[in-house]
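7 is the number of the first residue of the sequence shown in our numbering; add one for each residue after it. No residue lacks a Cβ here, since even glycine has one placed at the ideal position from N, Cα and C. No experiment lies behind these values; they were computed from the predicted model shown.
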Amino acid sequence: MHTVVETAPYLSSAKAEGMTADELKLAVDMIAADPEAGDLIVGAGGCRKVRIPGKGRGKSGGYRVVTYYFSDSAPVFLLAVLAKGSRANFSGAECATLAKAAKRLRDVSGK
């Protein structure tokens, strides 16, 4: 299991998207078990989107959690959440913002 950091923007977007405490725990557990899970987001500086099922919401009712993981000696950062039914992808501006956040996390960690 890998250390996972739930950032303030992640928690804010999770609340806005209606994630329950159980769904938040599931996201942390899934990502801690496999920090490289999910698909790379093109143009987002190494960020990934991981599909998390939503309890009782059916196949299309889950979430996409944006993660950033760059080193075995650094935690996995959870950056944002999108409900699967709201949008499939991120805009170019959002990808650029994610890339900047990833760079800051890398720089701050000194890894």
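- Runs of the beta strand (DSSP E) lying entirely within the region 10-43, each at least 3 residues long, are 10-12 in chain order.
- Contact between G44 and K55 holds, since their C-beta atoms are separated by about 5 Å, short of 8 Å.
- In this structure Y74 is not in contact with M25, their Cβ atoms being roughly 19 Å apart against a cut-off of 8 Å.
- Where A89 is concerned, the enclosing beta strand (DSSP E) starts and stops at 82-89.
- Non-local beta-carbon contacts of H8 in its own chain, meaning distances under 6 Å to residues more than five positions away in sequence, involve A38, P41, V82 in chain order.
- Secondary structure at V114: helix, using DSSP grouped into helix, strand and coil.
- Short of 8 Å from the beta carbon of V11, and not among the five residues preceding or following it, lie these beta carbons of its own chain, in chain order: P81, V82, F83, L84.
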